[in-house]
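Visitor: Provided herewith is a single structure, encoded as structure tokens, for subsequent inquiry.
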Ligand SMILES: C[S@@+](CC[C@H](N)C(=O)[O-])C[C@H]1O[C@@H](n2cnc3c(N)ncnc32)[C@H](O)[C@@H]1O
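Numbering (my numbering), first residue to last: 20 to 297.
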């Protein structure tokens, strides 16, 4: 466990507790609009390092961990054409601002942040005015349903677990046809899908851990297959479960998944198989 995680556990208690039949059984106190989350978000934004010296025009990725995967995908897709990244559940746009200094063609990239807690946008918008290419991050106060136009990359970092029905909601986003999907810090693994209570800086919210096979089947039914998967080793969850969560429900790390569209015929076959429970 990192020292930051140890300190948080000491201060606020364990992160995940209980196994609940559904999300309605867990109190939702909306941690994302409280002062503690705003304070942490601001400290994280201010700690983003500036661009490092580029190698052959390519600056360094923020770390070798999960953001490096997103950085690679964006750089590959933005060399000679515009690349629209939708950051769903993006909050203050922290991940977008963290990725910006690693982009070789930032002028080709636009980040579009959607989030149900629009109060977070004020922090991101103010921060965007202070950093190079900060104007490439756009915050959308309207619902994502009204978004028109192509999505080159759908990016979700540690937000899927808070959506009302994560697999169905992701499938809905996939039906908008992104060229590539980058899901980082996913709470998914070889565990049963279950709802728990997450303690975010002392504030409770329902959180869904996913069975990774069900998640992949849901994506296949929407026409997407896995191109890459890796554990997020920098997110060590081993100390984060209360004793009332059985070992069979625990994962040691979160997960990064990159998905891409499969051929139409294959998508059809997968959807049929999934409808038949195969
Ligand atoms: C742990 S934060 C992650 C924020 C951001 N992705 C990041 O990496 O900094 C989870 C985010 O999910 C957002 N969220 C929760 N429920 C949501 C929903 N139904 N639709 C969109 N965003 C949601 C929260 O407002 C919050 O900003």
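Glycine is no exception: its CB is placed at the ideal position from the N, C-alpha and C atoms. Note that the structure is predicted; figures quoted are calculated from it, not measured.
Would the beta-carbon of residue 108 be found less than 8 Å away from any heavy atom of ligand 1?
Guide: Answer for residue 108: yes, Cβ within range of ligand 1.
Visitor: Between which two residues does the beta strand (DSSP E) containing residue 244 stretch?
Guide: 243-255 is the span of the beta strand (DSSP E), which, as asked, contains residue 244.
Visitor: Could you tell me which of 172, 229, 274 and 266 sits nearest to residue 95, measuring between CA atoms?
Guide: With distances taken between Cα atoms, residue 95 lies closest to 172.
Visitor: Is the number of C-beta pairs between the segment 240-254 and the segment 52-69 that are closer than 8 Å three or more?
Guide: No contact exists between the segment 240-254 and the segment 52-69.
Visitor: Touching or not, the segment 97-106 and the segment 121-139, by the rule of three or more beta carbon pairs under 8 Å?
Guide: Contact between the segment 97-106 and the segment 121-139 is present, because at least three Cβ pairs lie under 8 Å.
Visitor: Based on the DSSP secondary-structure assignment, which residues constitute the bridge partners of residue 106?
Guide: According to DSSP, residue 106 bridges with 132 and 174.
Visitor: How big is the Cα-Cα spacing for residue 74 and residue 160?
Guide: Rounded to the nearest angstrom, the two C-alpha atoms are 37 Å apart.
Visitor: Which residue wins for smallest C-alpha separation from residue 21, given the options 209, 280, 282 and 272?
Guide: Nearest C-alpha to residue 21: 272.
Visitor: What separation, rounded to the nearest whole angstrom, lies between the Cα atoms of residue 25 and residue 217?
Guide: One C-alpha to the other measures close to 16 Å.
Visitor: Leaving out five residues before and five after residue 90 in sequence, what residues of the same chain have Cβ atoms less than 8 Å from its Cβ?
Guide: So the qualifying residues of the chain are 80, 81, 118, 121 and 122.
Visitor: Can you tell me whether residue 83 is buried or exposed? The criterion is at least 16 other CB atoms within 10 Å of its CB, across all chains shown.
Guide: Exposed is the call here.
Visitor: Looking at residue 134: is its Cβ nearer than 9 Å to the Cβ of residue 31?
Guide: No, these two residues do not count as a Cβ contact at 9 Å.
Visitor: In the structure shown, what three-state DSSP assignment does residue 76 receive?
Guide: Residue state, collapsed to three classes: coil.
Visitor: Curious, which full-length beta strand (DSSP E) runs of at least 3 residues does the segment 184-236 contain?
Guide: Qualifying beta strand (DSSP E) stretches, in chain order: 199-205, 213-219 and 222-230.
Visitor: Mind checking which residues open and close the beta strand (DSSP E) that includes residue 158?
Guide: First-last of the beta strand (DSSP E) with residue 158: 156-158.
Visitor: Just to confirm, are residue 37 and residue 261 a CB contact at a threshold of 9 Å?
Guide: Yes, these two residues count as a Cβ contact at 9 Å.
Visitor: What is the residue span of the beta strand (DSSP E) that residue 37 lies within?
Guide: Looking at the DSSP string, the run of the beta strand (DSSP E) that includes residue 37 is 35-39.
Visitor: Just to confirm my understanding: we take residue 113, look at its own chain, exclude 5 residues before and 5 after, and list those with CB closer than 7 Å. What are they?
Guide: Contacts found: 60, 63 and 64.
Visitor: Kindly indicate the opening and closing residues of the beta strand (DSSP E) around residue 121.
Guide: Per DSSP, residue 121 belongs to no beta strand (DSSP E) and is neither H nor E.
Visitor: Considering just the uninterrupted stretch of the alpha helix (DSSP H) at residue 90, what are its terminal residues?
Guide: Looking at the DSSP string, the run of the alpha helix (DSSP H) that includes residue 90 is 85-96.
Visitor: Can you have a look at residue 178 and say buried or exposed, based on whether 16 or more other CB atoms are within 10 angstroms of its CB?
Guide: Residue 178 is buried by the Cβ-count criterion.
Visitor: Helix, strand or coil for residue 268 per DSSP?
Guide: Note: residue 268 maps to helix in three-state DSSP.
Visitor: Taking 8 Å as the cut-off, is the beta-carbon of residue 166 closer than that to any non-hydrogen atom of ligand 1?
Guide: No - ligand 1 has no heavy atom lying nearer than 8 Å to the Cβ of residue 166.
Visitor: Does the segment 229-237 come close enough to the segment 206-220 that 3 or more CB-CB pairs lie under 8 Å?
Guide: Yes: the two stretches touch, three or more of their Cβ pairs being nearer than 8 Å.
Visitor: From this set, 69, 276 and 106, which residue's C-alpha is nearest residue 192's C-alpha?
Guide: When only C-alpha atoms are compared, the closest one is 106.
Visitor: Tell me whether residue 200 is buried or exposed, calling it buried when 16 or more other Cβ atoms sit within 10 Å of its Cβ.
Guide: It is buried - the Cβ of residue 200 has at least 16 other Cβ atoms within 10 Å.
Visitor: Considering only the alpha carbon of each residue, which of 226, 279, 197 and 66 lies closest to residue 40?
Guide: When each option's Cα is compared against that of residue 40, the closest is 226.
Visitor: For residue 273, which of helix, strand or coil comes out of DSSP?
Guide: The answer is strand: DSSP assigns residue 273 an E or B state.
Visitor: Rounded to whole angstroms, how far is the Cβ of residue 47 from the Cβ of residue 224, which I believe are closer than 8 Å?
Guide: Residue 47 to residue 224, Cβ: 5 Å. Contact.
Visitor: Assign residue 42 to buried or exposed, taking buried as 16 or more other Cβ atoms, counted over all protein chains shown, within 10 Å of its Cβ.
Guide: Its Cβ being crowded by 16 or more others within 10 Å, residue 42 is buried.
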